[in-house]
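Some notes on the structure that comes next.
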Amino acid sequence: MRYAFIGLGNLGGHLAASLAGAGFDLTVHDRDTAHRARFDALGVTWADSAAAAVAAADAVITCLPSPAVSEAVLTEILPAMRPGADWIETSTLGREEILRLAGQAQAAGMGVL
Numbered sequence: 000m001r002y003a004f005i006g007l008g009n010l011g012g013h014l015a016a017s018l019a020g021a022g023f024d025l026t027v028h029d030r031d032t033a034h035r036a037r038f039d040a041l042g043v044t045w046a047d048s049a050a051a052a053v054a055a056a057d058a059v060i061t062c063l064p065s066p067a068v069s070e071a072v073l074t075e076i077l078p079a080m081r082p083g084a085d086w087i088e089t090s091t092l093g094r095e096e097i098l099r100l101a102g103q104a105q106a107a108g109m110g111v112l
């Protein structure tokens, strides 16, 4: 399986690095390119946009700082995701927010975890 990970801050960076260390096929993206050197050193593919990161992924993991950022990223990645891909949302979202965003992803044919 191919994974994309978007959001490489305090939590996301550690989660993505753990996946990379375990040998997962991983492409990453963060709008803060300061994170790139860490993942280059791990041999992980860096994508220049969230949409590019998800294009070949079977599952997309997001770990983002706010509901507004989660929604903006989802809006960007949905058209680029492969049909039937799964979205694994690990951001801190309220119940209503995750249900609303999950509904958008499911309506586009994505699985949601």
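Numbering (numbering that gives the first Met the number 0), first residue to last: 0 to 112.
For glycine and all other residues, C-beta sits at the position ideal for the given N, C-alpha and C.
Residue i and residue j closer than 7 Å at C-beta
{"i": "Ala15", "j": "Phe4", "result": "yes"}
{"i": "Pro66", "j": "Glu96", "result": "yes"}
{"i": "Met0", "j": "Asp85", "result": "no"}
{"i": "Thr89", "j": "Cys62", "result": "yes"}
{"i": "Thr26", "j": "Ala46", "result": "yes"}
{"i": "His28", "j": "Ala55", "result": "no"}
Close-in-space but distant-in-sequence residues of the same chain around residue i (CB under 7 Å, 5 per side omitted)
{"i": "Val53", "result": "Ala3, Val59, Ile76, Ala79 and Met80"}
Beta-carbon contacts of residue i that lie in its chain and below 6 Å, excluding the five residues immediately before and after
{"i": "Ala107", "result": "Leu77"}
Distance, residue j Cα to residue i Cα
{"i": "Leu7", "j": "His13", "result": "8 Å"}
{"i": "Val111", "j": "Ala51", "result": "20 Å"}
{"i": "Asn9", "j": "Pro82", "result": "30 Å"}
{"i": "His34", "j": "Ala71", "result": "20 Å"}
{"i": "Ala36", "j": "Leu18", "result": "17 Å"}
{"i": "Arg30", "j": "Gly11", "result": "13 Å"}
{"i": "Ile87", "j": "Arg94", "result": "15 Å"}
{"i": "Leu98", "j": "Met109", "result": "14 Å"}
8 Å Cβ shell around residue i - same chain, five flanking residues per side excluded
{"i": "Leu92", "result": "Pro66, Ser69 and Leu100"}
{"i": "Gly20", "result": "Leu41"}
Which listed residue (the options) has its alpha carbon closest to that of residue i
{"i": "Leu73", "options": "Ala104, Ala19 and Asp24", "result": "Ala104"}
{"i": "Asp24", "options": "Gly11, Ala36, Ala33 and Gly42", "result": "Gly42"}
{"i": "Gly22", "options": "Phe38, Leu98, Asp31 and Arg30", "result": "Phe38"}
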